[in-house]
Every structure is written in C-alpha cells, then in structure tokens.
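> These protein sequence lines map, in sequence, to chains A and B. Numbering-wise, the numbering used here comes out as the position in the first sequence, counting from 1, plus 192. Numbering-wise, the numbering used here comes out as the position in the second sequence, counting from 1, plus 12.
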Amino acid sequence: MLDYTAPSTVEEAVRVLAAAPGKAKVLSGGTDLLVQLRSGRVKPALIVDIKKIPDISGIRERDGGFVIGAATSGAALGESKALQKAWPGVVEAANLIGSTQVQGRATLAGNLCNASPAADSVPAMIAAGAICVVAGPKGRREVSVESITTGPGRTSLGEGEFIVEFHLPKRPPRSADAYLRFIPRTEMDIAVVGAAVNLTLDAAGVCTAARVVLGAVAPTAVIVPEAAAALVGRKLDETALAALDQAARRACKPIDDKRGTIEYRTKVAGVLARRTATIAYERAGERR
Amino acid sequence: MSKHHVSTVINGEPTEFLCEPQLTLLDVLRDELRLTGSKEGCSSGDCGACSVTVDGRLVCSCLMLAVEAEGHKIETIEGLARGSDLHPLQRKFLEEAALQCGFCTPGVLIAAKALLDRNPNPTETETRFWLAGNLCRCTGYDKIIRAVLDVAAEMRGERAPA
Chain A
193 MLDYTAPSTV
203 EEAVRVLAAA
213 PGKAKVLSGG
223 TDLLVQLRSG
233 RVKPALIVDI
243 KKIPDISGIR
253 ERDGGFVIGA
263 ATSGAALGES
273 KALQKAWPGV
283 VEAANLIGST
293 QVQGRATLAG
303 NLCNASPAAD
313 SVPAMIAAGA
323 ICVVAGPKGR
333 REVSVESITT
343 GPGRTSLGEG
353 EFIVEFHLPK
363 RPPRSADAYL
373 RFIPRTEMDI
383 AVVGAAVNLT
393 LDAAGVCTAA
403 RVVLGAVAPT
413 AVIVPEAAAA
423 LVGRKLDETA
433 LAALDQAARR
443 ACKPIDDKRG
453 TIEYRTKVAG
463 VLARRTATIA
473 YERAGERR
Chain B
13 MSKHHVSTVI
23 NGEPTEFLCE
33 PQLTLLDVLR
43 DELRLTGSKE
53 GCSSGDCGAC
63 SVTVDGRLVC
73 SCLMLAVEAE
83 GHKIETIEGL
93 ARGSDLHPLQ
103 RKFLEEAALQ
113 CGFCTPGVLI
123 AAKALLDRNP
133 NPTETETRFW
143 LAGNLCRCTG
153 YDKIIRAVLD
163 VAAEMRGERA
173 PA
C-alpha cells in the first residue's frame, strides 16, 4: 500500500528513502510520476515529497553562477530575469516542457530523472556544463548532468539518492546558449529532435569554446565534440555551419517511430544544429 | 491504509479533509468536497479540464496529490463568481458563445484568469500559447481566444461592457 511523507530536511529525506520497506519514489513536480502511478507503470510503497525542504525550490545567484533547487518549477525559471539573461537556452528549453499547467509544477530534476531521450531541458543543461548535487546514504556528491541518464528511463542514481540542486557556472564574456526542438505542431509535443548549443566568442566574433548536444536522436542526449570543434576557431561562416551540420548527422543513432524515421531525424538534427548555433552566436554577439 | 489530514484554503475558505495518499487533488475536490466544476478529462495533464491555481500558480489538479495541498491556497472555478455576479470572463464567454458542450470551460476560465492576472494585455499569440494546455473539441478555439482578448480589453477600460 502506498504511503506519503514530506520530510523537512535533505538528511531526513535520505533517511526515509533508505528505510522504505519497498520501492520509494521521490516527488517534486509530479507531472511524470503521477501519470506513471495512475497507469501502474510504477508501484512504489512510499512517495517522498521533497518540496517541504527549505531551498529545494528557488533560484540563487552564487559566485557569478546560479544555484537552482531541484523542485523549482519551469514557470519559476521563466520568471527569473537574471537566469533568462545569463542562460536563455536553458530557460527556453525548460519552458518547452508541456503546457502552462505542467510548467507550474514540472522541474529540471524531474525532466532529467524521468530519463526520456527526448527530454527538452537535458541537452540544454548538458551544453551549459551544469552540475547536479546528489544527496544519498553516503552523503553528497557533485556530478555532471550528462552522467545521470544511462538509457531510456534509467539513471545512474543509486538506491536512496536524489538530486538536491543544479549549479550553472559563471559565464565568460560574450557567451550565450540556445535550444531548439523540432515538432510537427507549434507546442505541446515531444521532440523529434532537440539541439542545444552553448558558445563563447572573442572580441572579434571568433568562437573560442562551444558545446553542442542533441536530444531524441539516441538513447540518451548526445554530446557532439566534433560539432563543437567545427565552430571553434571560426566565425559562424558557411564552412563552420556545414561541418557542424555533418558532425551532428554523424552523431545520430535514432530510432524509427511515429514521430520520425531514422533518415528524417538524422537530417533534421543537422538543420536544427545549424539554426541553434546561429541563434546562440547572435545572442553572444549582442553581448560584446 | 492510513489517511492523511490536510489543511488548506479553498476559494478563500479554510478547508480540512482526510485523504488516502494516492488520491489526486482532483479526486478530493470532486468526490470528497463535492466541488465538481473541475472536470476529469484525460488524467494525464494533457487536456486542462481539471485546471486550478495553487498559490496563484496554474496547475492540473489531476497531476497533484491531494496531500500536497497541505498549507496551500487553492482556487477553483467555484470561486470565480462573486455570489450571483459572474466574473467578466464568465459573462463574456456567455455573450460571445465561447463554449458549446462546456466540459472544458471551467478549466479554460481558470487558465484565462491566471493569464489576465499576470498579463492584462496579452497578444493573441500569447493567449493561444498560454491556453494550449486546455483542449476544446467543440469551438475550434477562435471564440474562446476572442472572448479572452475582449475581456482583457474591457478590464483595461478600453471597451465598454456590452
């Protein structure tokens, strides 16, 4: 039989997760968990609601970067002008998840731990170099966002572990990010392909650092170092964009499904990488 | 199974209830508290018929456990009118026939109110995106969007009430 508890500290949450008689599930926004409970896909003995833990929701600036609590809603991310200014790609990716109603509850931690290959915020968080703080029976550890998802519906989190917060680093000058997803509608859909680009320019507009990450084209989000290398050392000319496009296509290992064929997803990944890089480049250029 | 005691404020009224942990806020609103204005459409967060606000934030009550309501303020469609005085959104939906079967209407009204509370002057595009999580199988949406924009103009004082 299902039970529910809402601990008021991280330590207490770790304790009750470890002591749970059967499977325990962590609840933050619940927009995936409640659907899975209803369908019977998950049958936990205990739900541990982390939202009563102080600081688990909210956005704080620290050392020029940001700390985002695990239970912070997408709506709250979209309302943070400072976060929007520093990390427009992360915010636009998070805000693509679901409807206004879903945005009122859905969180970055939930999107990551639900481990869908098509999760919108995950490529953007990986491109941003975001770190998660994971709490568990052995204390806290800091790991990269890309180390969490290991396959569809699977994560590297151990028994009793959960994400407490995310850290977004301080940005060098002339840096910006962007995220685009391709869907056949205009909103409320699941990515056929997602592309995130995070880059830094020098004073002359030459790209000095880049991260390119694709979503929905492999079992997990894919970092594409070759695509990033195509941008570094160049302005965003056609040579750079064409190399980016090709590198993005080569990184795809998609499935065929109702949303798109392998061939279609692969082609769209290249096009979307170009468009996303162009937006990130323009944003970074405006910060000169 | 142990029941949880939940204290909340619903439409301004302090409200307490007992619930089993797996029940959604929508289950308790409808079956326990008999506030049946919020509708169950999809129960997966896609249709918006169960829309309510929690501390002013628009959510699907089917995607929230009732126990999570502890200590929070909930607004439902039953709190929109003041006695027999309809909210301008309700009045305008009637005047402009922005509903047909009416099943989606409570959710649409709650969502539209949440929009106008934040943004008294939304564009048509903003309104359509904001309401994208409220499905309507009758109207084709145009009348809903027009009614919301007309109410917004009226509430800004740019247009006299009809």
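Yeah, the Cβ is synthetic: ideal placement off N, Cα and C, and Gly gets one too.
Can you grab the Cα-Cα spacing for the pair Gly331 (chain A) / Ile318 (chain A), in whole Å?
For the purposes of this step, residue 331 (chain A) is taken as the residue at position 139 of the first sequence. For the purposes of this step, residue 318 (chain A) is taken as the residue at position 126 of the first sequence. Taking the straight line joining both Cα atoms gives about 24 Å.
> Where do the N-terminal and C-terminal ends of the alpha helix (DSSP H) with Cys305 (chain A) fall, by residue?
Here residue 305 (chain A) refers to the residue found at position 113 when the first sequence is read from its first residue. From DSSP, the alpha helix (DSSP H) with Cys305 (chain A) extends over Leu300 to Asn306.
> Could you check where the beta strand (DSSP E) with Leu219 (chain A) kicks off and where it finishes?
Along the first sequence, read from residue 1 onward, the residue named residue 219 (chain A) stands at position 27. Ala216 to Leu219 is the span of the beta strand (DSSP E), which, as asked, contains Leu219 (chain A).
> Hey, how far is the Cα of Thr223 (chain A) from the Cα of Leu229 (chain A)?
The residue labelled residue 223 (chain A) in the question sits at position 31 within the first sequence. The residue labelled residue 229 (chain A) in the question sits at position 37 within the first sequence. Each residue's Cα considered, the two are about 11 Å apart.
> Closer than 7 Å between beta carbons: that is the criterion. Which residues of the region 51-71 of chain B meet it against chain A?
Per Cβ criterion, the list reads Ser55, Ser56, Gly57, Gly60, Ser63, Arg69, Leu70 and Val71.
> Starting from Lys85 (chain B) and walking both ways along the beta strand (DSSP E), at which residues does that stretch end?
To locate residue 85 (chain B), count along the second sequence from 1; it is residue 73. Lys85 (chain B) -> beta strand (DSSP E) spans Lys85 to Glu87.
> If you check the beta carbons only, do Phe29 (chain B) and Glu52 (chain B) fall under 8 Å apart?
Taking the first residue of the second sequence as position 1, residue 29 (chain B) is located at position 17. Taking the first residue of the second sequence as position 1, residue 52 (chain B) is located at position 40. Not a contact, by the Cβ cut-off of 8 Å.
> By the DSSP assignment, the beta strand (DSSP E) with Thr119 (chain B) in it spans what residues?
Your numbering for residue 119 (chain B) matches position 107 in the second sequence. Per the sequence shown, residue 119 (chain B) should be read as Gly rather than Thr. Per DSSP, Gly119 (chain B) belongs to no beta strand (DSSP E); it is in the alpha helix (DSSP H), Thr117 to Arg130.
> State yes or no: is the C-beta of Glu357 (chain A) within less than 8 Å of the C-beta of Ile242 (chain A)?
Start at 1 with the first residue of the first sequence, and residue 357 (chain A) comes out as number 165. Start at 1 with the first residue of the first sequence, and residue 242 (chain A) comes out as number 50. Their beta carbons are not under 8 Å apart, which means Glu357 (chain A) does not touch Ile242 (chain A) by this criterion.
> Based on DSSP bridge pairs, tell me the residues matched to Arg377 (chain A).
Walking along the first sequence from the start, residue 377 (chain A) turns up at place 185. Arg377 (chain A) is not bridged to any residue.
> Around the C-beta of Arg171 (chain B), are 16 or more other C-beta atoms found within 10 angstroms, so that it is buried, or is it exposed?
For the purposes of this step, residue 171 (chain B) is identified with residue 159 of the second sequence, where counting begins at 1. Arg171 (chain B) should be labelled exposed.
> Once DSSP output is grouped into helix, strand and coil, what is the label at Thr223 (chain A)?
In the first sequence, residue 223 (chain A) corresponds to position 31, counting from 1. DSSP places Thr223 (chain A) in coil when its eight states are reduced to three.
> On the DSSP bridge assignment, give the partners of Ser265 (chain A) in chain order.
The residue labelled residue 265 (chain A) in the question sits at position 73 within the first sequence. Partner(s): A:Thr299.
> Give the DSSP bridge partners of Thr27 (chain B), in chain order.
Counting from one through the second sequence, the residue named residue 27 (chain B) turns up at place 15. In DSSP, Thr27 (chain B) forms a bridge with B:Thr20.
> Are at least three pairs of beta-carbons, each pair with one atom in the region 326-342 of chain A and one in the region 388-403 of chain A, less than 8 Å apart?
No contact exists between the region 326-342 of chain A and the region 388-403 of chain A.
> Which residues in chain A sit within 7 Å of Leu75 (chain B), going by Cβ to Cβ distance?
Sequence index remark: in the second sequence, residue 75 (chain B) carries index 63 (1-based). Near Leu75 (chain B) (Cβ distances below 7 Å), the residues of chain A are Gly222, Thr223, Leu226 and Arg297.
> If you reduce the DSSP assignment to three classes, tell me which class Ser63 (chain B) lands in.
As a working mapping, residue 63 (chain B) is identified with position 51 in the second sequence. Of the three classes helix, strand and coil, the one that applies to Ser63 (chain B) here is strand, per DSSP.
> In terms of residue numbering, what span does the alpha helix (DSSP H) encompassing Val163 (chain B) cover?
Reading the second sequence from its first residue, position 151 is the one you call residue 163 (chain B). From DSSP, the alpha helix (DSSP H) with Val163 (chain B) extends over Asp154 to Met167.
> By alpha-carbon positions, which one of B:Thr139, B:Ser19, B:Asp58 and B:Asn131 ends up nearest to Val40 (chain B)?
Looking up residue 40 (chain B) in the second sequence gives position 28. The residue with the shortest Cα to Cα distance from Val40 (chain B) is B:Ser19.
> Under 8 Å, Cβ to Cβ, is there at least one residue of chain B near Gly261 (chain A)?
Counting from 1 along the first sequence, the entry for residue 261 (chain A) is found at position 69. False, the Cβ-Cβ gap to chain B never drops below 8 Å.
> With Thr400 (chain A) as the anchor, note down where its beta strand (DSSP E) starts and where it stops.
The residue you call residue 400 (chain A) lines up with position 208 of the first sequence. Its beta strand (DSSP E) spans residues Cys399 to Gly407.
> Taking all protein chains shown into account, do 16 or more other C-beta atoms lie within 10 angstroms of the C-beta of Asp429 (chain A), making it buried, or fewer, making it exposed?
Here residue 429 (chain A) is taken as the residue at index 237 of the first sequence, counted from 1. Exposed.
> So, with DSSP's three-state summary, where would you put Val39 (chain B)?
For the purposes of this step, residue 39 (chain B) is identified with residue 27 of the second sequence, where counting begins at 1. Correcting the residue type first, residue 39 (chain B) is Asp in the shown sequence and not Val. Asp39 (chain B): helix per DSSP, three-state reduction.
> What did DSSP end up calling Ser291 (chain A) once you bin it into helix, strand or coil?
Start at 1 with the first residue of the first sequence, and residue 291 (chain A) comes out as number 99. Residue state, collapsed to three classes: coil.
> Would you tell me roughly how many angstroms separate the C-alpha atoms of Gly495 (chain A) and Ala164 (chain B), rounded to the nearest one?
There is simply no residue 495 (chain A) to check, as chain A begins at 193 and stops at 480 in what is shown.
> Going straight from the alpha carbon of Ala465 (chain A) to that of Ala443 (chain A), what length do you get?
The residue given as residue 465 (chain A) occupies position 273 in the first sequence. The residue given as residue 443 (chain A) occupies position 251 in the first sequence. One C-alpha to the other measures close to 12 Å.
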